[in-house]
Structures are given as structure tokens and as C-alpha cells.
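Which chain is which? The protein sequence lines are A and B, in order.
FYI, the numbering for the first sequence is 841 to 1028, going by the working numbering.
FYI, the numbering for the second sequence is 240 to 749, going by the working numbering.
First comes the structure, then the notes that go with it.
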Amino acid sequence: MTMRRALALACAVLLAVVFVWTARSLPRWRSTTQAVAAPSPTAPAPPGRKIKARLFYVSESGMKLTGVERDVAYAENATEQAREIVTAQVGRVAEPLVSAVPPGTTLRALFLTDNGQAFVDLSREVAAAHLGGTVNELLTVYTIVNAVTANLPAITSVQVLVDGKEVDTLAGHVDLRRPLAKNLAWVQ
Amino acid sequence: MNARSVPFLSSAFSLALAIGLLSQPAPAPTPSLTLLSKEGRRPLPIVMVGDQEFVGLDDLAAAFQLAVHEESFGALTVSYKGKTIVLTPDQTLASVSGRLISLPAPPARRGARWLVPLEFISRALAPIYDVRLELRKPSHLLLVGDVRAPYVTVRYDPLGNAGRLTIDATPRATSTVSQEGEHITIKFDADALDIANPPLAPQGAQSLVQTVRAADATTLVVDLGPRFAGFKAAAQPVDTTMRLVIDVVAAQTETTPAPPPAPSADLPGTPAPAELPPALNPPAFAIRTITVDPGHGGDDEGVKGAAGAKEKDLTLSVARRVKAAIEGRLGIRVLLTRDEDRNVPIDERTAIANNNKADLFISVHLNGSMRRSTSGASIFCAAFDDEAHAAAASSGAERLPTFGGGLRDIELVPWDLAQTRHIAQSTAFAAILEQQLRGHVPLAETPIDHAPLRVLESSNMPAVLVELGYLTNTDQEKLITGDAFQSAFVQAVYDAVVRFRDTLGPGGTP
């Protein structure tokens, strides 16, 4: 009996912690059924299977993004696929490609909501290692926003989180308090 | 306020008032602050420490009968008639009769002398001095006592066979206009004029108005060209400014006799011919306050250049120059969101503009790129999605009770969406600024863009963010840190403000 009570109490505490964490870090996220914060061990993609995804890098002029078609691991569901795309997008690239995402940035978590919003939680390097500058920051933000929305038409907007939290900006310019819609005006 | 005798000004300076003109001093190796009272004027040497202007405490003590003591514990005390200012070396905070004030820089020691920033006069000395002290930093002018020295700006707009001189005096000062041969004389009812030198750049030999110069402390002389035939003058108060408009016209043909010179009188003159538009440049003083926002600051350094330039330092330096140019030459109040190296939250920046009911918001930044060759200045306006526009449009008004009874409709706009109502004017100002920058400052491929920029979204007035160029480009870093570039940029902003103001009606609408 005591064991059962202890187990029930532990479950309740665990649920409460999960609830509080979710409510605080993701105030806009509501009742989604597709939340995945880590690679799902239950739905692995068949090894070696790829999709063509359009990823974004800094153009020659430095003032726009340019779309590049790259192989990205195939996933069974939209959330997993978005995660694979963003992981590929923030990963290191070799010359002549130049990424607008600061080096060292990793994807911490990614959530989709029922109304077509994506929450992309990036590691702190995306802000801490940012070079600064309005255009540079716009390119960083729209690299992520466009990588998700251009490849997954069901996703219409993306909110970038940093280290699990909502942030005002990455480097003092672009408003990240709301989800941003796809914007191909920043793509040449 | 009654004029009071100021002890430091001896009668030897009285003569100087009659012949002296208050003007921005011509570039000189050692600038000085001009002290002006009813009794006369007197220079006070300025010492540059870094990019800050300082004055010697010993000079201030002699001029204002202050007692300065260096205390054993390191503090400096400045006393005047029982009131005390306490300064601490290496500290920008000072105590003025027990109240803390901040200075843009701490006191500096030069040999045996102590120097204090010019702002010491307005922020520390003025509150304890028993005569009014008004520091006009852009003009290097310190008014002592009840001295009437209006800001005066002169502009000339040629238009074919006619032209218009617009002379603004702030605060209002009346004037008498008369013609004497090939000159129009404008005599102001004031003690002195706070005006650029020269008041107007030479206009060329064929211009109806060739030059405007200061004849004495309160008189301007307009030198007329050979084609001049007549003029018409009219003065009109616009807000706190008295605007004098002088329309000049050229002779139509060689056989047309020139009108006789107008007699000396209050605002007379020959009637302007019908060809001159009745409202060539209608009085429009819709811009009273501008907020200039130096981007970043404190631990937020912004973009850093390879040679060591920091965005936060350059934005502050340029913003100060913009403020000096606009305040000194246009008489428009310019507020900086920061005047020191500190981190100001974004909402505080827009709050300064909104709470002071600024008519224009200009955020100054420097750009960065992952590509080292990227270059060029650009201007940003805010961008909102459809959802935001709909939210702003549906916010509507709320009927609230007022003191004394009754109800009043208060228009409510969400703070984050305040800019939605000003996008058109922001874009209009951006276009004007681009025109003024073009040819003087290297521009980016797309000089004007719209983006969801945090500092613009909450601004409840026309607002732009200007990127001067790319600090990540070594050539641009060298260019932007230079005086020539910064001067060209400041002039472009000044010209853009003048032109934007002219597009607005008196109520601030196009």
C-alpha cells in the first residue's frame, strides 16, 4: 500500500513538473498531439532513406538567403521530419555555403501545434554567438522559419525559442515574441 | 524673469554685446563656450577628453564665484552660497544638494586641474545657482540670466523667377524688415541670435538671394542678386516659433521697371507678382520632438569590426551629432534614448519616444554579415502580418469618465502594434532619407526594407531604423569611423527631417 502511494505521489509530481515546464516555456503551445522533444525511439526512419529538402544559406551578396536542395533523412511524421530538416539546417556546412545560423547552434526540441505553428527550440549559441546586425539577424531567423515552412506546407509559422524560453530577439532587432510566417522575400 | 547682475561679467564685456554675434564658432583648434548675459559675453575654454567636451572647474569657479575643494577622501566639493555639489573621481554620479544626478563622464584630472563635462553646468550647477543658466551645447552657448537669444534658422527655396526665404526664430521673436538698396535688413527684437555662421550657404551669382549674413548681434542682412525686383514679407507664429517668410521675385523683362525700394517699416514690401504660388511653402512645424535611438550599449556591444570599432560606440557618437545638428539648426527638440554607454531595454527606448510624444523616431545601427564583402547603408520600417493589422484595427476606442463628469472616447492601441498606424508615414520618411543619403553614403542593394523589428513596432509615431553600413567589412569599418562619412550621414538626416517636415501639415498629417 505504502509503495503504491509513493508511486502515485511520484507520478503526480512528475506530471506537475511536466505541466509547469510546458506552461512556462511554451505559453502559446496548446493541446498538441505531436510534441516531440527528443528523437522518438518508437518511430525510427528506415536507415538510409532520404528526402530532398530546400535549405537556406547566405547569398553571395550577404543580404539575402539562397535556397539549396539537400538530402535530409526521411521521417515518418511531420514533427520528426521538421526536426530532421532543422537539424540539417543548423548543422555545419562546407564552403562555399555559408550559414546564417551561428556555429555551435543545435536543435533542443521541436513542437508542432494543431493550427500549423512550429516551435523550434534552439541552443543558446544561436543568440550568444550571434555576430549581430539587423540583416544578419533577419537571415538567421528566416533561415529557420523558411526551412520549416518551405518544406512542410502544413506549417505556416514558426516561433524560435532559445534554451527552452521565449525571447525578445536574438541580437536586439528581430521580434521573436510571436510566430513568424514564411517570408521568401529574404530569399533571392 | 528679471535680469540680474551677474558678478563675473565685468563692464569690459558690455561693448562686445553691441558688436558681437552669437553664432556657432567657426572650426577652431580650441573651441570655447560663450557665456552670454545682459552685461556681455565671455569665452570659456573647452577641453576635449575623448569625444566629450569638458570645462575646467577652476574656470567655472572664477566665472560663477564657486568654491572648489579637493577633500582628503578623494571627493571634490563645489560650493555656492551654502549649496554643495559633491563629485567623485571615476564616478559619473554626483550629489547636488543631496540629490543624485548623472553626468555623461566622470570628472577628469589634467595636471593640477579638474575638468568636468559641459553637462555639469546644466545638471549640477544650474539647480543651485540663483540665476537662470541655459546650456545650448550644440551652439556652445551658455545663457546666464534673462537673455533673449532665439534659435534662428534660415532656408532658401529658389523657384524659377521667384524664391522664398524662410526664417524661423524659436522661441518667438518679432522682427522688422526693410530694404536698403541691394540688401534686405531683418532686425530682431532680441538680445542676440543663436544662429549658424554663415546663416545660409552662398547661393551663387545668378540667384535672387545670394547670401544671408549677420550684420550685428541681432540683425541679418540678405544680399540680393542683380535680377531682384521686389519682395513681400509676412510673419506668422507657428507653435513656439515665429516664422518670417520673404518672397522675392525677379524682373520679368529688361523693359519692366523694377519696383521702387520698399520703405523701412514692419513687414512691408512690394507685392509679389501673381506667378508666385500663394503657399509655396506653407508654414508647417509639425515636428516638435524627435527621438534618436543609439542602438545597443553597455554589455550589448552590437557588431564589432576587425579593427576594433564597436557598434554601440559608433551609434552613440553619430546620434549625438544628429542631435546637435537638428537642435542647433532647426530648434527641434531631440531626445536620445541613451547618452552614455549603458544597456537600455528595447521597450524603454520606445517608451522614451512615446511618453515624450515624439513626432519621429530614428534608431541608429550598424550592420553585420557572414560575408565580409557585404556593404551599404539601409533603412528599415516595421512589418506586421495580417493578424497584427487586424488586431490593431479592432482595438477601437473605449469610453471613459472624465473629471468633472461626462465621458470621453479614448483610442486604444496595443503597445506592440502602435506602429501599425504610422507605417505609411514611416515609409515616406524612409524614402526621403534614402534620397538624401544617395550620392553621399554608399547604399545597400535594397536600401529600404520592411521587417518585424522590435524597436519599431511599439513606436507610436513615424519610425525607421537606419543601418549606416557593415562593420564586418573592413573597408566599411574604416569609412564609417571617419568624420567625412559621419558628417555626410548627419547632414542627410538633417535634410531629410527638413523635407519630411515640409510634407506634413500643421497638424502633422500629409
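Every residue, glycine too, gets a C-beta built ideally from N, C-alpha and C.
Keep in mind that this is a model prediction, so the values were computed, not measured.
Exposed or buried, what is Gln263(B) when buried is set at 16 or more other beta-carbons lying within 10 Å of its beta-carbon? Its pLDDT being 43, under 50, Gln263(B) is placed unreliably in this model, and the coordinates cannot settle the point.
Give the secondary structure of Glu579(B) by DSSP, where H, G and I count as helix, E and B as strand, and everything else as coil. Coil at Glu579(B), not helix or strand.
Please tell me whether Ala940(A) has its Cβ less than 8 Å away from any Cβ of chain B. yes
Apply the 10 Å Cβ neighbour rule to Ala545(B) and answer buried if 16 or more other Cβ atoms are within range, or exposed otherwise. exposed
Could you say which of Asn991(A), Ala1011(A) and Ser963(A) lies nearest to Glu924(A) if we only look at CA atoms? Asn991(A)
Under 8 Å by Cβ, that's how I've got Ala365(B) and Leu372(B) pegged, so tell me the actual separation to the nearest angstrom. 4 Å
Would a check of beta-carbon distances place Gly384(B) closer than 8 Å to chain C? This model lacks chain C altogether; the protein chains it does include are A and B.
8 Å Cβ cutoff met for His604(B) and Gly537(B): no
Between Tyr897(A) and Leu1001(A), what straight-line distance do the alpha-carbon atoms span, to the nearest angstrom? One C-alpha to the other measures close to 20 Å.
How long is the line joining the alpha carbons of Lys376(B) and Pro345(B), rounded to whole angstroms? It is roughly 18 Å from the alpha-carbon of Lys376(B) to the alpha-carbon of Pro345(B).
Can you find a C-beta in chain A that's less than 8 Å from the C-beta of Ser698(B)? So no, Ser698(B) is outside the interface.
Closer than 8 Å, Cβ to any Cβ of chain B: which residues of the stretch 959–975 of chain A, in chain order? Leu971, Gly972, Gly973, Thr974 and Val975
Step through the CB atoms of chain A and report whether any lies within less than 8 Å of the CB of Asp624(B). yes
State the DSSP-derived secondary structure class of Gly567(B), mapped to helix, strand or coil. helix
Suppose contacts are defined by Cβ-Cβ distances below 8 Å. Is Leu692(B) in contact with Leu676(B) by that definition? Contact flag unset, no.
Using a Cβ-Cβ distance under 8 Å, would Gly931(A) count as near chain B? no
Buried or exposed for Leu672(B), going by 16 or more other Cβ atoms inside 10 Å? buried
Out of curiosity, what's the CA-to-CA distance linking Ala347(B) and Asp290(B)? 13 Å
C-beta neighbour in chain B for Thr983(A), strict 8 Å: no
So, is the C-beta of Asn400(B) closer than 8 Å to a C-beta in chain A? Taking 8 Å as the CB threshold, Asn400(B) stays off the interface with chain A.
The beta strand (DSSP E) that contains Val998(A), what's its start and end? Following the DSSP letters along the chain, one finds Val998(A) inside the beta strand (DSSP E) bounded by residues Ser997 to Val1002.
Option in Ser963(A), Glu1006(A) and His970(A) with minimal Cα separation from Val926(A): Ser963(A)
Just to confirm, does Lys277(B) get its C-beta within under 7 Å of one of the non-hydrogen atoms of the ligand COA? Of the ligands one can find in the structure shown there are none, so the ligand COA has no counterpart to examine.
Give a yes or no on whether the minimum CB-CB distance between Thr919(A) and chain B is below 8 Å. no
Which residue spans inside the stretch 381–457 of chain B form an unbroken alpha helix (DSSP H) run of at least 4? none
Establish whether the CB of Leu707(B) and some CB of chain A are separated by less than 8 Å. no
Under 7 Å between beta-carbons, which chain B residues line up against Val1027(A)? List them in chain order, please. What Val1027(A) touches in chain B: nothing, since even the nearest Cβ is about 13 Å away.
Quick check on DSSP: helix, strand or coil for Pro366(B)? helix
Which of helix, strand or coil does DSSP assign to Ser608(B)? coil
Would Val448(B) and Leu463(B) be called neighbours here (beta carbons separated by less than 8 Å)? Inclusion of Val448(B) and Leu463(B) in the CB contact set at 8 Å is warranted, their separation being smaller than that value.
Rounded to the nearest angstrom, what separates Asp734(B) and Phe619(B) at their Cα positions? 18 Å
Would you say Val603(B) lies against chain A (beta-carbon separation less than 8 Å)? no
Val705(B) lies in the beta strand (DSSP E); which residues open and close that run? Ala702 to Tyr709
Taking just the CA atoms, how far does Asn986(A) sit from Asn1023(A)? 7 Å
Counting only beta-carbon atoms, is Asn606(B) nearer than 8 Å to chain A? yes
Could you spell out the range, first to last residue, of the beta strand (DSSP E) harbouring Glu909(A)? Residue range Leu905 to Ala913 is occupied by the beta strand (DSSP E) that includes Glu909(A).
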